[in-house]
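Asker: This is the structure, below, for whatever I ask next.
Residue numbers (my numbering): 46 to 223.
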């Protein structure tokens with residue numbers, strides 16, 4: 046488990062910790078931030094083989110519209126503001142990936158490209174509690190109660206702690222490297 050994710054920015058090595066990602070994002074979607082951290086940890090390891098990659102050369106496609114995931118990726122790569130991050134649920138239509146809690150039919154499927162190589166990852170099935178998905182859908186539908194919102198935040202924090210305590214390879218399946 047890495048303590049920081051390292052990228053290059055104009056020749057300078059930038060180290061980004063999970064805590065720094067949380068400071069950037071805030072407290073709303075902490076499970077998504079943790080997922081982004083672990084996904085980037087594994088994807089960059091697969092693509093760069095120990096090399097510290099230039100952040101402006103990382104291209105990312107997501108099949109989930111998760112604010113915590115997007116903010117976590119942005120903190121490390123600047124891919125969203127620089128137009129190198131795309132959210133497109135259709136890229137996962139035929140993929141065996143768990144349904145996401147984004148309220149728009151997304152899946153936990155990720156593609157990260159660097160230097161002509163691409164790694165495709167899915168979150169492993171069974172890691173996200175069904176209660177989390179159900180409560181998240183209630184948020185999107187505007188039907189969540191205040192008690193359910195408290196429970197949802199508790200679940201987000203539990204999921205984030207679990208993800209951060211786990212090895213990235215135990216959380217994601219590498220679907221392919223091309």
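Built from N, CA and C at the ideal position, the CB exists for glycine as well. All of these numbers come straight from a predicted model, not from anything done at the bench.
(1) Within 10 angstroms of its Cβ, does residue 72 collect 16 or more other Cβ (buried), or is it exposed?
(2) Is it right to say residue 138 is buried, meaning 16 or more other beta carbons lie within 10 angstroms of its own, or is it exposed?
(3) Tell me whether residue 51, by its Cβ, gets closer than 7 Å to a heavy atom of the ligand COA.
(4) Counting pairs of beta carbons, one from the segment 106 to 120 and one from the segment 130 to 148, are three or more of them closer than 8 Å?
(5) Given a cut-off of 8 Å, decide if residue 152 and residue 223 are closer than it, judged by their beta-carbon atoms.
(6) I'd like the list of long-range same chain contacts for residue 106, defined as Cβ closer than 7 Å, with 5 residues on each side in sequence excluded.
(7) Considering only the beta carbon of each residue, do residue 80 and residue 208 sit closer than 8 Å?
(8) Since residue 118 is in the alpha helix (DSSP H), which residue starts that stretch and which ends it?
(9) Using CA atoms only, rank isn't needed, just tell me which of 88, 203, 52 is closest to residue 123.
(10) What does residue 154 pair with, by DSSP beta-bridge criteria?
(11) Can you look up residue 102 in the DSSP assignment and give me helix, strand or coil?
(12) Could you check what DSSP says for residue 46 in three-state terms: helix, strand or coil?
(13) Pull the bridge partners of residue 72 from the DSSP assignment, please.
(14) Pull up the distance between the alpha-carbon of residue 176 and that of residue 90, whole angstroms please.
(15) What is the rounded straight-line gap between the Cα of residue 60 and the Cα of residue 98?
(16) If we ignore side chains and look at the alpha-carbon of each, how far apart do residue 167 and residue 100 end up?
(17) Can you check which of these residues, 216, 203, 67, is closest to residue 120 by C-alpha distance?
(18) Could you name the residues of the same chain whose beta carbon sits closer than 8 Å to that of residue 182, not counting the 5 residues immediately before and after it, in chain order?
Answerer: In short:
(1) As a first step, residue 72 is located in the chain shown; it is residue number 27 there, counting from the start. Residue 72 should be labelled exposed.
(2) Position 93 of the chain shown, counting from 1, holds the residue named residue 138. So residue 138 counts as exposed.
(3) The ligand COA is not among the ligands present in this structure, which contains no ligands whatsoever.
(4) yes
(5) For the purposes of this step, residue 223 is identified with residue 178 of the chain shown, where counting begins at 1. For the purposes of this step, residue 152 is identified with residue 107 of the chain shown, where counting begins at 1. Cβ distance not < 8 Å, so residue 223 and residue 152 don't count as in contact.
(6) To locate residue 106, count along the chain shown from 1; it is residue 61. Within the same chain, residue 106 has close Cβ partners 131, 133, 136, 156.
(7) Residue numbering aside, residue 80 sits at position 35 when the chain shown is read from its first letter. Residue numbering aside, residue 208 sits at position 163 when the chain shown is read from its first letter. In this structure, residue 208 lies closer than 8 Å to residue 80 by Cβ.
(8) Sequence index remark: in the chain shown, residue 118 carries index 73 (1-based). Start and end: 112 to 122.
(9) Translated into the one-based positions of the chain shown, residue 123 becomes position 78. Ranking 88, 203, 52 by Cα distance to residue 123 puts 52 first.
(10) By one-based count along the chain shown, residue 154 stands at place 109. For residue 154, which the question treats as bridged, DSSP gives the partners 167.
(11) Along the chain shown, one-based indexing puts residue 102 at 57. Three-state result, residue 102: helix.
(12) Counting from 1 along the chain shown, the entry for residue 46 is found at position 1. Note that residue 46 scores a pLDDT of 49, beneath 50, so its modelled location is shaky and nothing firm can be said.
(13) If you number the chain shown from 1, residue 72 lands on position 27. Bridge partners of residue 72: none, in fact.
(14) The residue labelled residue 176 in the question sits at position 131 within the chain shown. The residue labelled residue 90 in the question sits at position 45 within the chain shown. Looking at the two C-alpha atoms, the distance is approximately 32 Å.
(15) One-based indexing of the chain shown puts residue 60 at position 15. One-based indexing of the chain shown puts residue 98 at position 53. If you take the alpha carbons of residue 60 and residue 98, they lie about 12 Å apart.
(16) Numbered from its first residue, the chain shown carries residue 167 at position 122. Numbered from its first residue, the chain shown carries residue 100 at position 55. Computed Cα separation, rounded: 22 Å.
(17) Counted from its first residue, the chain shown places residue 120 at position 75. Nearest option by C-alpha distance: 67.
(18) Stepping through the chain shown from its first residue, residue 182 is reached at position 137. The residues are 146, 148.
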